[in-house]
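Chains as they are written, first to last, in the numbering used here: chain R, 1 to 175; chain F, 1001 to 1179.
Now the structure itself:
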């Protein structure tokens, strides 16, 4: 009976766990601005690629965090339609080549491309410096960076936590 | 205990997704006419199904609409019969089946096709006309065809959603957009 309950708890726990969650922790004393979230296909192909469009900027004050997760608890979809933690995009733009793209709503993108895409990198501004932080795939992103804003030094790190197959947390942390 | 785990595993897998889903999204400002859909067999080359019989005349897919073939009841069958939430007014009325490579066809219902051919058929390609009455051109997208087609102020592309973490996941996505 205990094993049965354990399995049930595990099962429903997995059901309620949003997959492909993006977390941005600003643990620094600086303001951070996210001006782009980028995804790519699960096959790591350079195109098609998808980038957030609206809003163009999301500000994270010092000491705060933002999260993107599936509002429906989807186990497979990238949460283009996230409504969590004031990190909500209404429109995304999909690039089929460097010069060819189209835009549409977060809802449509979740339905059409959520299951086939994953996080690639974020474009963020710390102080007056812009960074691309993420998986290192395409897009010239890097997994760590450091700099100084005024007299305040900071570091940015990217971590991918694989909790279970398909259940991944993409964590960007500014210290 | 093994049965319980088996049951839960099965339930879990069924709630994740329905494979073999087909999405056709008219993200352009032009009317799209779905001229035809075709499947192909994984095991019997001369057997395939097609349709150009839709609930809307000429297979009209209006700007902003998504045509969906999805049957969440099965994780393995091609959704000749569909039960997902529809994002358009258009649906398939019936299918035509050939077992001799197109020499002759018989008309079959959605449920008949789903039951008898769902396990062995997969998406092959779809054909379209674009613009009022098709005045901006025609194109086909699918397996073995160019993945991107462009025309006068429009672009169409074909993508298959897969995920190594979920080997059974296979979603066909065709998107038509303005350039």
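Positions of the beta carbon are idealized from the N, C-alpha and C atoms, including for glycine.
Proximity below 8 Å, CB of residue i to CB of residue j
| i | j | result |
| --- | --- | --- |
| residue 1053/F | residue 1093/F | yes |
| residue 90/R | residue 48/R | no |
| residue 1108/F | residue 1042/F | no |
| residue 32/R | residue 22/R | no |
| residue 65/R | residue 154/R | no |
| residue 114/R | residue 77/R | yes |
| residue 1155/F | residue 1177/F | yes |
| residue 133/R | residue 158/R | yes |
| residue 1060/F | residue 1067/F | no |
| residue 1172/F | residue 1157/F | no |
| residue 34/R | residue 122/R | yes |
| residue 112/R | residue 40/R | no |
| residue 67/R | residue 85/R | yes |
| residue 1096/F | residue 1033/F | no |
| residue 1070/F | residue 1088/F | no |
| residue 42/R | residue 1163/F | yes |
| residue 1125/F | residue 1080/F | no |
| residue 126/R | residue 139/R | no |
| residue 24/R | residue 60/R | yes |
| residue 1098/F | residue 1047/F | yes |
| residue 1000/F | residue 1179/F | In the structure displayed, chain F extends from 1001 to 1179; residue 1000/F sits before or after that span and is not available. |
| residue 106/R | residue 92/R | yes |
| residue 1103/F | residue 1078/F | no |
Where residue i falls, given that 16 or more other Cβ within 10 Å makes a residue buried
| i | result |
| --- | --- |
| residue 1044/F | exposed |
| residue 162/R | exposed |
| residue 101/R | buried |
| residue 104/R | buried |
| residue 19/R | buried |
| residue 1031/F | buried |
| residue 1145/F | exposed |
| residue 9/R | Reliability of the predicted coordinates at residue 9/R is poor, the pLDDT of 43 falling under 50, and the value obtained from them is presented with this limitation in mind. Per the 10 Å Cβ criterion, exposed. |
| residue 1143/F | exposed |
| residue 1132/F | exposed |
| residue 1118/F | buried |
| residue 165/R | exposed |
| residue 58/R | buried |
| residue 150/R | exposed |
| residue 1027/F | buried |
| residue 30/R | buried |
| residue 79/R | buried |
| residue 168/R | buried |
| residue 1024/F | buried |
| residue 70/R | buried |
| residue 82/R | buried |
| residue 99/R | exposed |
| residue 1110/F | buried |
Beta-ladder partner(s) of residue i, from DSSP
| i | result |
| --- | --- |
| residue 1178/F | 1154/F |
| residue 112/R | According to DSSP, which records beta bridges pairwise, residue 112/R is partnered with nothing at all. |
| residue 173/R | 25/R, 157/R |
| residue 1161/F | 1171/F |
| residue 167/R | 164/R |
For residue i, the three-state DSSP class (helix, strand or coil)
| i | result |
| --- | --- |
| residue 1024/F | strand |
| residue 145/R | strand |
| residue 39/R | strand |
| residue 54/R | strand |
| residue 65/R | strand |
| residue 44/R | coil |
| residue 84/R | coil |
| residue 73/R | coil |
| residue 134/R | strand |
| residue 1009/F | Residue placement at residue 1009/F is poorly supported in this model, since its pLDDT is 43, which falls under 50; the coordinates still yield a value, given next. Residue 1009/F: helix per DSSP, three-state reduction. |
Closer than 8 Å to chain B by CB, residue i
| i | result |
| --- | --- |
| residue 1106/F | The question asks about chain B, but that chain is absent: this structure's protein chains are R and F. |
May I have a chain-ordered list of the alpha helix (DSSP H) segments no shorter than 4 residues that lie completely inside the segment 87-131 of chain R? If we require 4 residues or more, the alpha helix (DSSP H) runs fully inside the segment 87-131 of chain R come out as 106-113.
Which ranges would you report for the beta strand (DSSP E) in the segment 1033-1078 of chain F if only whole runs of at least 3 residues count? 1048-1051, 1066-1069
Beta strand (DSSP E) segments (min. 3 residues) lying fully within the segment 1085-1159 of chain F: For the segment 1085-1159 of chain F, the continuous beta strand (DSSP E) assignments of 3+ residues that do not extend past its boundaries occur at 1095-1098, 1106-1108, 1121-1130, 1137-1142, 1148-1151, in sequence order.
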